[in-house]
DNA sequence: TCTTAATCGGATACCTTGTGTCCGATATAA
DNA sequence: TTATATCGGACACAAGGTATCCGATTAAGA
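Protein chains in written order, with my numbering: chain A, 61 to 221; chain B, 61 to 221.
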């Protein structure tokens, strides 16, 4: 079971956007360049985030992507869901209702195996919902260094004009 | 992010094996037939379970697959891991170390985004490890009906000779 | 106002991974 | 010893993720 690497890409991109002043954004090209990623593919992923309402897109020169909400209101779950979609990883196809021993066909009680996987995914989702972009930005900043901070300021001033 | 349906197939197959007397097994054909699944594909998945040590295989006439441990000692996580492998769904490729703002190259502190996804997967895994086959069998039996139980007995006596 | 350049958005090709099947290897039972 | 049942891995096929390009749209500047 592999998660799309688009989740990693966009999570880092959103962390960068969350570090900018409110309302300020960056074009997809810059977001890709910041982590040395394929620009066209990053652009595709940012589209998905825009469709999901995590970011807003601004077309034309000087445009780009900016967060659609406050950093504190965007969780890693929002980003995951934007890229991977709403369907759960485990899909119960009710195979218990197939085969020679299905009896009278009364299957109103939920499938136990599906129930367990459902609880597991709920726990997973809860963990992702518990962390928002503001917290991530704060944590990343805490781990940073003066040199890196200076490089970021320099790079941003170049990109934002 | 989609989980292989082999997880669902083998989870149900193991639940069936867990309901049999200790040491007794069934061939892959029978396990597939019980839920009306593709026999060849079910056989392939059972191979993976055997490699992982969840079940034991017995070749030749009268052979098949049987649980390698007591039902209470096999969790849904064991089955998941046998089919999907050990790698986590989220793979951090350390893109934070790429790009124009990587500074001095000091990245001893873990990547925050990776850390959150790691916690989420740990919670997910813990939930799957908390349920074993004995509990599933008991729960399924509780939800069953006299008609189904009779059909199962009939079917098993035919398969086990 | 018009032109130019920048940027997003969807359509398109490619490649990896999961899905599914078949046949040979092996061991049991007769 | 033979025939049969069963596993195990090698082999095709399909789907979804990866990656790119080009047209549509909009802002900035002349």
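Note that CB positions come from ideal geometry on N, CA and C, so glycine has one too. Predicted model, so just to flag it, every value in this text is computed and none were measured.
Item: By how many angstroms is the C-alpha of residue 150 of chain A removed from the C-alpha of residue 192 of chain A?; Value: 25 Å
Item: Tell me, please, whether the CB atom of residue 63 of chain A is closer than 9 Å to any CB atom in chain B?; Value: yes
Item: Using the three-state DSSP reduction, which class does residue 117 of chain B fall into: helix, strand or coil?; Value: strand
Item: Which runs of the alpha helix (DSSP H) fall wholly inside the stretch 64-124 of chain A and span at least 4 residues, in chain order?; Value: 65-78, 88-94, 99-111
Item: For a test of the three-state rule: what should DSSP assign to residue 135 of chain A, helix, strand or coil?; Value: strand
Item: Can you grab the Cα-Cα spacing for the pair residue 214 of chain B / residue 185 of chain B, in whole Å?; Value: 37 Å
Item: Find the nearest neighbour of residue 61 of chain A within the set B/88, B/104, B/93, B/141, judged by alpha-carbon distance.; Value: B/141
Item: Within the continuous alpha helix (DSSP H) that includes residue 213 of chain B, where are the two ends?; Value: 206-220
Item: From the DSSP output, read off the bridge partner residues of residue 174 of chain B.; Value: None, per the DSSP bridge assignment.
Item: Which same chain residues end up closer than 8 Å to residue 76 of chain A when comparing Cβ atoms and leaving out the 5 residues on each side of it in sequence?; Value: 86, 91, 94
Item: Using the beta-carbon of each residue, which ones in chain B are nearer than 9 Å to residue 116 of chain A?; Value: Residues of chain B passing the Cβ test: none, with the nearest at roughly 22 Å.
Item: Can you grab the Cα-Cα spacing for the pair residue 71 of chain B / residue 167 of chain A, in whole Å?; Value: 18 Å
Item: State yes or no: is the C-beta of residue 78 of chain A within less than 9 Å of the C-beta of residue 131 of chain A?; Value: yes
Item: Please name the residue in B/101, B/125, B/137, B/121 whose C-alpha comes closest to that of residue 180 of chain A.; Value: B/137
Item: Have a look at B/162, B/156, B/118, B/155 and flag the residue whose alpha-carbon is nearest the alpha-carbon of residue 210 of chain A.; Value: B/162
Item: If you follow the alpha helix (DSSP H) that residue 168 of chain A is in, where does it begin and where does it stop?; Value: Premise fails: residue 168 of chain A is in no alpha helix (DSSP H) and is neither H nor E.
Item: Tell me residue 126 of chain B's beta-bridge partners as DSSP assigns them.; Value: B/116
Item: Can you give me the C-alpha to C-alpha distance between residue 135 of chain B and residue 82 of chain B, rounded to a whole angstrom?; Value: 17 Å
Item: Name, please, each residue of chain A whose Cβ falls closer than 8 Å to the Cβ of residue 153 of chain B.; Value: 65, 68
Item: State the start and end residues of the unbroken alpha helix (DSSP H) segment that holds residue 195 of chain B.; Value: 193-203
Item: Just to confirm, are residue 89 of chain A and residue 112 of chain A a CB contact at a threshold of 9 Å?; Value: no
Item: Under 9 Å, do residue 176 of chain A and residue 109 of chain B count as touching if we go by C-beta distance?; Value: no
Item: My output table needs one value for residue 28 of chain A: the three-state DSSP class, helix, strand or coil.; Value: Chain A is shown only over 61 to 221; residue 28 of chain A falls outside these bounds and no answer can be derived.
Item: Could you confirm whether any beta carbon from chain B is found closer than 9 Å to the beta carbon of residue 204 of chain A?; Value: yes
Item: Between the stretch 100-125 of chain A and chain B, which residues of the former have a C-beta closer than 8 Å to a C-beta of the latter?; Value: none
Item: As a quick exercise: from B/116, B/157, B/207, B/182, pick the residue whose alpha carbon is nearest that of residue 148 of chain B.; Value: B/182
Item: Would you kindly work out how many angstroms separate the C-alpha atoms of residue 205 of chain A and residue 120 of chain A, rounded to a whole number?; Value: 35 Å
Item: With distances taken Cα to Cα, identify the nearest neighbour of residue 220 of chain B among B/126, B/143, B/97, B/99.; Value: B/126
Item: Have a look at residue 114 of chain B and residue 171 of chain A and give me their C-alpha separation to the nearest angstrom.; Value: 22 Å
Item: Quick one: what does DSSP say residue 157 of chain B is sitting in, helix, strand or coil?; Value: helix
Item: In angstroms, rounded to a whole number, what distance separates the CA positions of residue 158 of chain B and residue 69 of chain A?; Value: 12 Å
Item: I'd like to know whether the C-beta atoms of residue 64 of chain B and residue 143 of chain B end up nearer to each other than 9 Å.; Value: yes
Item: So the candidates are B/100, B/84, B/96; which of them puts its Cα closest to the Cα of residue 217 of chain B?; Value: B/84
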